[in-house]
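Everything below concerns the one structure shown next.
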Amino acid sequence: MRIFTGGIVTETNTFAPWPTGERGFAEGGMWHGDASASGETPQNLVARLYRDLAAGDGHDFTESLFAVAQPSGPTVQRVYEAMRDEILADIRQHGPFDVVLLLLHGAMVAAECDDCEADLVGRIRQIVGPSGAIGVELDPHCHLSQALLDKADAVILMKEYPHTDFLPQAEELYRLCVAKAAGELNPTSRLFDCRMVGFYPTTSQPMAGLVERMRAVERRPGVLSVSFAHGFPWGDTFDTGSKMLVITDNDPALASETAERLGREVYGLRAALAPRFPDIEAALDLAANASGRVVVADTADNAGGGAPGDNMALLLAMLRRGLQNAALGSIWDPIAARACADAGVGARLTLRLGGKCGTASGDPADLSVLVTAVRDPHDQAGLGDSRGAMGLAVWLRIDGIDVVVNSIRTQTFAPDAFTGLGIDLSDKRLIAVKSSHHFQGHFAPLADQVVHCATPGAIQMNFAEIPYVKRRDLNYFPRVADPLS
Ligand SMILES: [Zn+2]
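In the working numbering, each residue's number is its place in the sequence shown (first place is 1) plus 515.
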């Protein structure tokens, strides 16, 4: 059997002010056929998994472009088309292929294309024909479209948020598509639209239980895969929203009824699932009154959802309270990081920090800082066993608070974003992180309590007020109390 793989990954915040362009992908990572050879990003790990599975099963393996960019605004059209056409050219040149396995995001929007995944897969289908098995792994924060399902043989999403299961889901996709190409299965997909826009961490109830039930349903005869598309609220497309996807072996009725039953289960939980986060002062009160170490999430300034990562509101509130034994990271400010690195360890300077990228950034802060460490390049643990680049990073002491400032825009995934610079987290009572939820994967073990804080910034959780123009309609929860009635 001949197997092909490639992937383009970015989650487009259509409300973000700046485009995703060549530099965004160059910084995030681009591998032209050699992603499996080195590196520790999810793209490297998935390419390596497919390479090793194919080798173990005695299949031919061809690897094309893998590309990833930190979320921001729509991808520049010619940048998307160049990446897409590189993958198509590789399929034409090295084909024919029995199996095509793609790692995509599912919420990628280009300047002239609202559904890049369906566009790419449709063009691949034209080349490989109806007999080739095309499998797509998506992030659950996708705009899962019928157009994509019509063109792919199997679409499988990560089930966990944080997305720690990207490798097992990739392996499931491999096995399903190889079996389809061998004529052993006929994957049949059906989608149920929950008519919801929401935020669904799977580290707590009720979502943790739902993930368990999805896995239990997958063990039933005839069911091949169950995926819940959380949706990406900050992408305005026709297909934005939460959906349940079920794949059966050649049984459309079973797929439909299973998707609807599980989808209505999520729908029944919609009130309990709606995020209710304390504001900054309430979150800091909670932390002050907690007995152990509290991790506070700056949920709205999460670069992983397309926010700048340079809003100063939470840090300023911590400074106003005179907090000691506290840390905050990471603020994306390449100019400040560079100035501090040039000043050198031990330098004390007045620094204009953050607040640089637009209204979501808020105002900058002028602060007296002590440069305590410099690391270039800095990195941190990411999802699962992956690692992610942080670029030039500095540890600043600002009154009693240890602050990380860095040059590559990224959310804060892991404690080594701090400890890799020498910051001791063992004596910290409050650790503030710029992340909506992925931080839970690595920070939960050292937190006595986690507080998701409703900060000002680009990733607001008031889903009823997101100004959708392109969404199919506005008949969704929480804008409408009972949209399925
Ligand atoms: Zn996601």
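Every residue gets a Cβ at the ideal spot worked out from N, C-alpha and C, and that includes glycine.
Considering only residues of the same chain and omitting the five flanking positions on each side of residue i, which have a CB-CB separation below 6 angstroms?
i, result
"THR577", "PHE519 and HIS609"
"PRO998", "ARG710, ASN990, TYR991 and PHE992"
"LEU885", "ARG863 and ARG912"
"LEU725", "none"
"VAL965", "VAL810"
"ARG563", "SER551"
What does the Cβ neighbour count give for residue i, buried or exposed, with the cut at 16 atoms within 10 Å?
i, result
"GLY821", "buried"
"ALA569", "buried"
"HIS547", "exposed"
"VAL984", "exposed"
"SER719", "exposed"
"ASN765", "exposed"
"ARG902", "buried"
"GLU980", "exposed"
"SER660", "buried"
"GLU652", "buried"
"ILE938", "buried"
"THR1031", "In the structure displayed, the chain extends from 516 to 1000; residue 1031 sits before or after that span and is not available."
"ALA723", "exposed"
Have a look at residue i and residue j and give me their C-alpha separation to the nearest angstrom.
i, j, result
"TYR689", "SER845", "36 angstroms"
"GLY972", "ASP816", "5 angstroms"
"ASP917", "ILE523", "36 angstroms"
"GLY915", "LEU961", "20 angstroms"
"VAL810", "LEU830", "14 angstroms"
"ILE795", "HIS967", "10 angstroms"
"ALA768", "THR703", "10 angstroms"
"GLY756", "ARG566", "34 angstroms"
"ASP629", "SER1000", "29 angstroms"
"LEU672", "ASP680", "9 angstroms"
"SER742", "TYR715", "13 angstroms"
"THR527", "LEU691", "28 angstroms"
"ARG836", "GLU687", "50 angstroms"
"ARG640", "GLY750", "26 angstroms"
"GLN592", "GLY573", "38 angstroms"
"GLY637", "ALA880", "48 angstroms"
"ARG1032", "ALA904", "Because residue 1032 is not part of the residues shown, which for the chain are 516 to 1000, the question remains open."
"ALA770", "ALA803", "49 angstroms"
"HIS678", "PRO790", "19 angstroms"
"PHE978", "ARG994", "7 angstroms"
Excluding the five sequence neighbours on either side, which residues of its own chain have a C-beta within less than 8 angstroms of the C-beta of residue i, listed in chain order?
i, result
"PRO721", "LEU784, ALA787 and LEU788"
"VAL860", "VAL886, THR887, ALA888 and VAL889"
"LEU580", "GLY521, GLY522, ILE523, MET545, TRP546, HIS547, GLY548, MET598, GLU601, ILE602 and ASP605"
"GLY824", "ASP816, ASN817, ALA818, SER845, ILE846, TRP847, ARG924, THR925, GLN926 and LYS949"
Roughly how far, in whole angstroms, is the beta-carbon of residue i from the beta-carbon of residue j, given that I think they are within contact range, below 8 angstroms?
i, j, result
"PHE747", "ALA626", "About 18 angstroms; that fails the 8 angstroms criterion."
"SER856", "ASP894", "Correcting the residue type first, residue 856 is Ala in the shown sequence and not Ser. With a Cβ gap of about 16 angstroms, ALA856 and ASP894 do not count as contacting."
"ASP668", "ALA685", "Not quite, the Cβ-Cβ distance comes to about 15 angstroms (not below 8 angstroms), so this is no contact."
"LEU882", "GLY956", "In fact, because the Cβ distance is near 30 angstroms, the residues do not count as touching under 8 angstroms."
"ASP613", "ALA696", "4 angstroms"
"LEU799", "ALA852", "No, LEU799 and ALA852 are not in contact; Cβ-Cβ is about 26 angstroms, not under 8 angstroms."
"GLY543", "VAL594", "That pair is no contact at about 12 angstroms."
Looking at residue i and ligand 1, is the gap between the Cβ and the nearest heavy atom below 6 angstroms?
i, result
"ASP654", "yes"
Could you pull out every residue in the same chain whose Cβ sits closer than 7 angstroms to the Cβ of residue i, ignoring the five residues on either side in sequence?
i, result
"PRO532", "GLY588 and GLY873"
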